[in-house]
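Asks: Could you have a look at this structure, given as C-alpha cells, before my questions?
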Amino acid sequence: MPDPNTPAPAAAPPPAAASRQEVIADAAIALLAERGMRGLTHRAVDEAAGLPQGSTSNRARTRAALLELTVQRLAEREGGVLGVGELPPPAADPGPLADALAGLLHRFLTRHRTLVVARYEVALEATRRPELRAIYDRAGTTFADAAHALLAAWGSADPERHAQELIAWTDGMMFLHTAGRVTGSRTPTRARLRAGYEDLLRGMLGG
-14 MPDPNTPAPA AAPPPAAASR QEVIADAAIA LLAERGMRGL THRAVDEAAG
36 LPQGSTSNRA RTRAALLELT VQRLAEREGG VLGVGELPPP AADPGPLADA
86 LAGLLHRFLT RHRTLVVARY EVALEATRRP ELRAIYDRAG TTFADAAHAL
136 LAAWGSADPE RHAQELIAWT DGMMFLHTAG RVTGSRTPTR ARLRAGYEDL
186 LRGMLGG
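First residue of the sequence shown: -14, per our numbering; consecutive thereafter.
Structure, rendered in C-alpha cells:
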C-alpha cells in the first residue's frame, strides 16, 4: 500500500506550444501544398494561421524571408517524419533496412503528402531563384549526409554514389505517387516499397 506521506510524483510537463514562427511556417507549408507558390502571400498566411493581419510580416518582412522560414520549417518537419532512430543497426542482411525505409516512405505517401507537395513547389521555385536555391540545397544537405553515413555504416563500397541513388529512387517514388503520371492511383503498399528498396540495397550492399 502506498505510503500516504510519500509525495506524489510530479506531473509530466505539457508539450510545448508551437511558437508563433512555427505557426506561420506551418501555415505557409499548407498553403504551398493547397494553392501553389502564387497562393503564398503574407496576408494568406495570416488568414490560414488565424493570426492578426501583419503577424507574418513582423516575422518575415519580405517574400524571400518568408520562403526561407518555410524551407527551414519544412526540413524540420521532414526530419521528424524520417525518424532516423527507427532504422536498424548494420547487419549482413539488408532486408531489415529495406523494411524500415519502406515504412518511412509509406508514411510520407499516406500521412504527410502535404510536406511532399510543398517541397516540390519550393524545388521548382528554386530553379528560378538563386537565393532560394542556396537555402533549399543547404536544407537538403542534412538528408544527403544522413544517407551517406547510413550506407557507409552498412558497408557500401561507394557510399557517396549509393546515397545519391537511394535518394533518387526515394524521390522518384514520391513524385510518381504524388504528382506524377500515376497520381490518384492506389498508393503502393509498404510490402511493394520494401521489395523496391530490397532490390536496390542488395545491389549496393550484397546480402
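From the three backbone atoms N, C-alpha and C, an ideal C-beta is built for every residue, glycine too.
#1: Starting from Pro81 and walking both ways along the alpha helix (DSSP H), at which residues does that stretch end?
#2: Is Ala3 helix, strand or coil when you go by DSSP?
#3: Measuring only the C-alpha atoms, how far is Ser42 from Arg28?
#4: Any C-beta of chain B sitting closer than 8 Å to the C-beta of Ile9?
#5: Which residue spans inside the segment 113 to 172 form an unbroken alpha helix (DSSP H) run of at least 4?
#6: Report yes if the C-beta distance between Val190 and His91 is below 8 Å; otherwise report no.
#7: Beta-carbon within less than 8 Å of Arg5's beta-carbon, same chain only, minus the 5 sequence neighbours each way: which residues are those?
#8: Go to Ala76, then tell me how far its alpha helix (DSSP H) extends in each direction, as first and last residue.
#9: Tell me whether Gly68 sits in a helix, a strand or coil according to DSSP, three-state version.
#10: Output the distance between the C-alpha atoms of Ala87 and Gln38, rounded to the nearest integer angstrom.
#11: Determine the contact status of Ala124 and Leu117, defining contact as a CB-CB distance below 8 Å.
#12: Considering only residues of the same chain and omitting the five flanking positions on each side of Pro81, which have a CB-CB separation below 7 Å?
#13: Thinking just about the alpha-carbon of each residue, which of Gly64, Arg23, Ala85, Arg113 is nearest to the one in Val101?
#14: Answer yes or no: do Val8 and Val56 have a C-beta to C-beta separation smaller than 8 Å?
#15: In angstroms with no decimal places, state the Cα-to-Cα distance between Gly157 and Gly165.
#16: Return the residue from the list Ala76, Gly70, Pro75, Gly24 that minimises the CA-CA distance to Leu51.
Replies: So, from the listed chains and residues:
#1: DSSP places Pro81 in the uninterrupted alpha helix (DSSP H) bounded by 80 to 96.
#2: Here Ala3 sits in coil by DSSP.
#3: Straight-line spacing of the CA atoms in Ser42 and Arg28 works out to 9 Å.
#4: Absent here is chain B; the protein component of the structure consists of one chain.
#5: 115 to 138, 144 to 161, all fully within the segment 113 to 172.
#6: Before going on, a small fix: residue 190 reads as Leu here, not Val. No, the pair does not count as a contact, with Cβ atoms beyond the cut-off.
#7: Leu36, Ser40, Arg44.
#8: Careful: Ala76 lies outside any alpha helix (DSSP H) and carries neither H nor E.
#9: Assigned with DSSP and collapsed to three states, Gly68 falls in coil, not helix or strand.
#10: Distance from the CA atom of Ala87 to the CA atom of Gln38, rounded to whole angstroms, is 42 Å.
#11: No; because the gap between Cβ atoms is not below 8 Å, this pair is not in contact.
#12: The answer, listed in chain order, is Pro73.
#13: When C-alpha distances from Val101 are compared across Gly64, Arg23, Ala85, Arg113, the shortest belongs to Gly64.
#14: No Cβ-Cβ contact shorter than 8 Å links Val8 with Val56.
#15: Each residue's Cα considered, the two are about 9 Å apart.
#16: For the options Ala76, Gly70, Pro75, Gly24, the alpha carbon positioned closest to that of Leu51 is the one of Gly24.
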